[in-house]
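Undergrad: Right, I'll just put the structure down here and ask away after.
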Amino acid sequence: MTKKAVHKFLCTKCGYIYDPRQGSGSAAPNTAFEYIPEDWACPECKADQTEFKKKYEVVEIEG
Ligand SMILES: [Zn+2]
């Protein structure tokens, strides 16, 4: 098991977490937050990207 820090982004309005590995809506899986479409908004509360805050999370990767 290897530990790796991933960047997730937290919606400060509703607590939704954008996980770049999963993507969301018009953001395809493995799309870094910096590269998601400009018109993308929080799928839960429609807050725009400026409401999101970077959040680090340490995960275990197999292999
Ligand atoms: Zn939200």
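Numbering of the sequence shown is given in the numbering used here, commencing with residue 1382 and proceeding in unit increments.
Glycine included, every Cβ here is placed at the ideal spot set by N, Cα and C.
#1: Exposed or buried, G1399, counting other C-beta atoms within 10 Å across all chains shown (16 or more means buried)?
#2: Does the CB of D1429 have a neighbour CB from chain D at under 8 Å?
#3: For K1435, which beta-bridge partners are listed by DSSP?
#4: By how many angstroms is the C-alpha of C1423 removed from the C-alpha of Y1437?
TA: Looking at the atomic coordinates:
#1: The residue asked about is misnamed: residue 1399 is Tyr in this sequence, not Gly. With 16 or more other Cβ atoms inside 10 Å of its own Cβ, Y1399 counts as buried.
#2: Among the chains in the structure shown there is no chain D, since it carries only a single protein chain.
#3: DSSP, once it has assigned bridges, lists F1390 as partnering K1435.
#4: 18 Å
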